[in-house]
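For the sequence shown, the UniProt record's numbering begins at 1 and goes up steadily by one.
We treat Cβ as the ideally placed atom computed from N, Cα and C, and that holds for glycine.
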Amino acid sequence: MNAIERPSVLERLRSPSSARTLTISIRLAVSALVLTAILLTAAASSLLWWRTAESISRQLASTINEQIVAAVRKEVSAIVNEARAAHTAVRTLFLQNVLDTREADKREFVFLSQLQSQATISWVVFGWPDGSFFAAHKLGDGHLEMMEISKTDHVGQRRMDEYQVIPGDIEFETRRFEPTDFRVTDQDWFKTGMEAKGPQWFGVVDHPIGPRPSIAFAGPIDVYQERQGVLAIIIEYTRLSRFLAQLEVGRTGTAFILGAGDELIAAPDKDADELHPAHSRIDLLPLARMALTLAGDDGRKEAWRRRLTLDGAAYEVALTPLPFTGWSLATVIPEAEFLGPVETALRRLIIGLAIGAVLAALFSAMLARSVIAAPLARVVGEIRHVESFALEQVRRHPSRLAEISSLSGAIAEMAQGLSAFRKFIPADLVRSLLRQGVEAKPGGSIQELTVMFIDVAGFTGLSERMGDRVVPLLSRYLDVASEVIVAHRGTIDKFIGDAVMAFWGAPTAQAEHAMLCCRAALACRQAIEAAGVRDDQGHPLQIRIGINSGRMLVGNVGSELRLNYTVIGDAVNVASRLEGANKHYETQILIGAETKRLVEGAMITREIDRIAVYGKTEGLAVYELIDSARETEQETKGDSGSAWIADYEEGLQSYRMRDFRGAIGCFEVVLRQRPHDHPTELMLDRCRLLEKSGVDDGWSPIVALQSK
1 MNAIERPSVL
11 ERLRSPSSAR
21 TLTISIRLAV
31 SALVLTAILL
41 TAAASSLLWW
51 RTAESISRQL
61 ASTINEQIVA
71 AVRKEVSAIV
81 NEARAAHTAV
91 RTLFLQNVLD
101 TREADKREFV
111 FLSQLQSQAT
121 ISWVVFGWPD
131 GSFFAAHKLG
141 DGHLEMMEIS
151 KTDHVGQRRM
161 DEYQVIPGDI
171 EFETRRFEPT
181 DFRVTDQDWF
191 KTGMEAKGPQ
201 WFGVVDHPIG
211 PRPSIAFAGP
221 IDVYQERQGV
231 LAIIIEYTRL
241 SRFLAQLEVG
251 RTGTAFILGA
261 GDELIAAPDK
271 DADELHPAHS
281 RIDLLPLARM
291 ALTLAGDDGR
301 KEAWRRRLTL
311 DGAAYEVALT
321 PLPFTGWSLA
331 TVIPEAEFLG
341 PVETALRRLI
351 IGLAIGAVLA
361 ALFSAMLARS
371 VIAAPLARVV
381 GEIRHVESFA
391 LEQVRRHPSR
401 LAEISSLSGA
411 IAEMAQGLSA
421 FRKFIPADLV
431 RSLLRQGVEA
441 KPGGSIQELT
451 VMFIDVAGFT
461 GLSERMGDRV
471 VPLLSRYLDV
481 ASEVIVAHRG
491 TIDKFIGDAV
501 MAFWGAPTAQ
511 AEHAMLCCRA
521 ALACRQAIEA
531 AGVRDDQGHP
541 LQIRIGINSG
551 RMLVGNVGSE
561 LRLNYTVIGD
571 AVNVASRLEG
581 ANKHYETQIL
591 IGAETKRLVE
601 GAMITREIDR
611 IAVYGKTEGL
621 AVYELIDSAR
631 ETEQETKGDS
641 GSAWIADYEE
651 GLQSYRMRDF
661 RGAIGCFEVV
671 LRQRPHDHPT
681 ELMLDRCRLL
691 EKSGVDDGWS
701 PIVALQSK
């Protein structure tokens with residue numbers, strides 16, 4: 001019947017009466033009936049609502065922000081003034097010789113009185129050039145502490161007297177002595193203060209009791225034109241966090257004090273004090289830092305405000321400079337808190353809009369059913385054929401609506417195009433093979449690329465223990481690895497059980513393919529650890545990675561029935577063997593010599609050994625990828641954190657020169673810096689054995705690995 005009906009339709013389309021029929025667009029058919037009534041009403045109501053909401057939101061946010069800014073500026077000014085006043089008061093007593101710096105009883109009384117009278121001061125301290133140190137320290141609101149550090153033969157002893165604060169007085173509780181390595185002469189505020197003419201502000205972290213981020217107003221004390229030492233008034237950041245907790249920034253908003261760069265000085269915490277570090281709610285901190293980045297230098301000099309979004313929610317974010325150099329106040333207020341006044345108006349608009357939409361829909365539905373719905377139903381039927389890959393059943397359906405006619409034609413052309421790519425799909429999902437369209441043919445080219453293999457250590461035993469329960473674990477691990485590879489612009493080749501094969505440099509050319517691959521390997525190791533992927537025994541999942549660079553064939557490889565875009569070649573095989581070599585050396589990431597050359601200077605590596613991998617006889621230099629040079633430099637900041645690498649490679653050179661005694665000494669030095677380093681232990685055992693047994697003239701420092 002279809003074969004008879006189809007020609008009749010074509011004949012009618014070719015007839016003169018059909019030729020005179022003009023097609024009309026969906027826009028003309030539907031807009032006059034539905035869009036005119038609904039869209040104009042929706043646009044007007046939405047515009048009115050957004051303008052009202054925006055106006056109210058900004059007005060209320062501005063009012064709250066001004067109140068908060070005024071309170072914080074007042075508090076910061078008070079803190080600065082209290083610190084200056086306390087420093088001036090104590091300094092005056094010293095200068096007028098009312099109080100001698102070595103008069104312990106009077107000094108304790110004066111320092112304690114300053115702590116009691118100034119609520120925001122955390123420390124009053126004095127340091128002498130000989131390294132002696134005295135401090136009065138506030139312990140929350142209920143206790144005070146007097147601390148003295150004396151120096152004898154460079155050995156520090158700290159005396160601590162603790163007092164309980166009672167109404168109008170203090171009461172001695174305990175005294176104890178402890179050794180300490182704190183040296184006031186090593187502190188920047190003391191060294192600068194000894195050379196300065198007057199007091200100034202400092203950032204302080206190190207204290208005798210440990211790290212406590214603070215600011216200090218410190219300056220020299222001169223008596224009879226002789227410099228006695230340095231007096232400092234210190235305010236811990238926890239006092240600021242406690243003050244911020246008292247402010248009401250809407251119902252769910254918050255405020256932050258940010259320092260130079262985007263350093264977090266304080267965030268609200270009502271329990272923070274000298275005894276309890278701040279444990280602040282910082283989920284909105286990224287918005288504050290985003291605002292600092294957007295505002296630039298202007299945000300440090302004058303008030304700045306903008307609407308920002310985070311996780312789909314809108315916030316009013318304001319920056320205001322504070323009366324302390326480099327400090328800014330950031331307030332973050334959810335915009336949703338200020339939309340309540342417009343909800344009533346919005347409901348009324350929605351009700352009116354719904355009534356109009358229902359009336360318009362009833363009228364337009366009758367016409368749309370015959371003009372639009374029926375033709376679309378036929379087109380949907382063709383899409384179902386595409387969905388089930390029954391591409392040979394797809395037909396064109398002419399329509400008086402130009403868009404539906406074009407859509408039907410596009411679906412038919414898409415079906416023809418998809419048929420050319422069935423070679424990439426399993427044959428059991430394809431009902432028949434169409435012989436038209438663009439054919440996918442095998443082929444490729446030789447390019448310089450970098451390939452990476454990732455494998456799970458001990459996966460065979462793990463899968464035997466867990467059985468089918470290993471599938472969710474494997475899926476989680478593959479998800480994390482895939483996300484990292486894609487994020488670093490890699491091409492995932494295939495999954496082979498628990499192994500992942502990926503490469504860089506194709507199909508899109510990448511000049512830094514080796515660098516991207518190494519960064520992906522480091523990020524993959526970190527991401528799997530951060531994701532908390534654990535095996536059935538609760539142990540973190542351990543991975544092994546092999547990386548190699550070189551010339552390899554890349555392209556469509558396979559048969560006439562199935563193709564795979566992949567890489568093959570000797571360089572690929574070496575990467576696979578390097579992944580397996582991790583098991584021998586108990587390392588995580590091994591890279592080849594060419595990869596090491598391409599990332600020289602940007603990555604921290606060490607040469608592990610020279611090996612002959614399974615299936616090859618010549619020796620290959622193998623390197624362990626340790627970390628990014630930039631991140632390592634930022635973490636160590638100039639210390640000798642990687643000196644052990646030079647010691648290891650010096651030992652490796654001595655080993656190859658047959659100086660086994662010298663190599664043993666170098667490897668022992670490495671183990672003292674990096675205990676339980678398995679490659680070092682392995683080389684140490686090897687050198688001891690060779691030193692004992694001796695080697696002949698044919699000995700070669702190349703290790704042959706007998707397994708893949």
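In the structure shown, the three-state DSSP call for Phe-190 is helix. Approximately 14 Å separates the beta-carbon atoms of Ala-267 and Thr-252; this is outside 8 Å, ruling out the contact. With three or more CB-CB distances shorter than 8 Å, the segment 229-239 counts as touching the segment 212-221. Shortest Cα-Cα distance from Asp-498 to any of Ile-543, Ile-608, His-276, Cys-518 involves Ile-543. Excluding the 5 residues flanking it on each side, Arg-289 has same chain C-beta neighbours closer than 7 Å at Asp-262, in chain order. For Phe-324, the closest alpha carbon among the candidates Leu-275, Leu-294, Thr-309, Leu-258 is that of Leu-258. Within the same chain, Cβ atoms closer than 7 Å to the Cβ of Glu-586 are found at His-678, the five residues on either side in sequence being excluded. Remark: fewer than three beta-carbon pairs, one from each stretch, lie closer than 8 Å, so the segment 465-479 and the segment 593-609 are not flagged as touching.
For Val-669, no beta strand (DSSP E) segment is defined; the enclosing uninterrupted segment is the alpha helix (DSSP H) at 660-673.
Taking every protein chain shown into account, the CB of Phe-503 has 16 or more other CB atoms within 10 angstroms, so this residue is buried.
Contact annotation: Phe-667 and Leu-684 have beta-carbon atoms nearer than 8 Å. In the DSSP assignment, Ala-336 falls outside any alpha helix (DSSP H), carrying neither H nor E. If you look at Arg-176, you'll find it isn't in any alpha helix (DSSP H); it sits in the beta strand (DSSP E) that goes 169-180. DSSP, reduced to helix, strand and coil, places Ser-328 within a strand of the structure shown. Across the structure, Ser-132 and Ser-150 are spaced so that their CA atoms are roughly 5 Å apart. At a Cβ-Cβ threshold of 8 Å, Ala-313 and Arg-305 do not count as neighbours. In the three-state scheme derived from DSSP, where H, G and I count as helix and E and B as strand, Ser-132 is classed as coil.
In this structure, Leu-449 places its C-beta atom within 8 Å of the C-beta atom of Ala-506. In terms of CA proximity to Arg-281, Ala-245 leads the group Leu-294, Met-515, Ala-245.
Put simply, the backbone Cα of Gly-326 is about 43 Å away from that of Pro-675. An exposed status is given to Tyr-224, since fewer than 16 other beta-carbon atoms sit within 10 Å of its beta-carbon.
Within 10 angstroms of the beta-carbon of Lys-138 lie 16 or more other beta-carbons, which makes it buried. When Cβ pairs closer than 8 Å are counted between the two stretches, the segment 599-609 is seen not to touch the segment 558-576, the count staying below three.
If you look at Arg-577, you'll find it in the alpha helix (DSSP H) that goes 570-585. For Gly-210, the uninterrupted beta strand (DSSP E) run begins and ends at 210-223, by DSSP.
Per the coordinates, the alpha-carbon of Gly-296 lies some 14 Å from the alpha-carbon of Leu-287.
Counted as a single uninterrupted DSSP element, the stretch harbouring Arg-102 is not any beta strand (DSSP E), since DSSP gives it neither H nor E.
The alpha-carbon separation between Arg-158 and Leu-93 amounts to approximately 26 Å. With fewer than three CB-CB distances shorter than 8 Å, the segment 101-118 does not count as touching the segment 187-203. Contact between Ile-170 and Leu-144 holds: CB atoms are separated by about 6 Å, below the 8 Å threshold.
Contact between Ala-481 and Val-500 is confirmed by a C-beta separation of about 5 Å, below the 8 Å threshold. Residue state for Asn-97 is assigned as coil, using DSSP reduced to three classes. If you look at Trp-123, you'll find it in the beta strand (DSSP E) that goes 123-127. Between Val-554 and Tyr-477, the gap from beta carbon to beta carbon reaches 8 Å or more. Between Gly-490 and the set Ala-629, Ser-475, Thr-508, Ile-496, the nearest pair of CA atoms involves Thr-508. Beyond the five residues adjoining it in sequence on each side, Lys-270 comes within less than 7 Å, by CB distance, of Arg-242, Ala-245 in the same chain, given in chain order.
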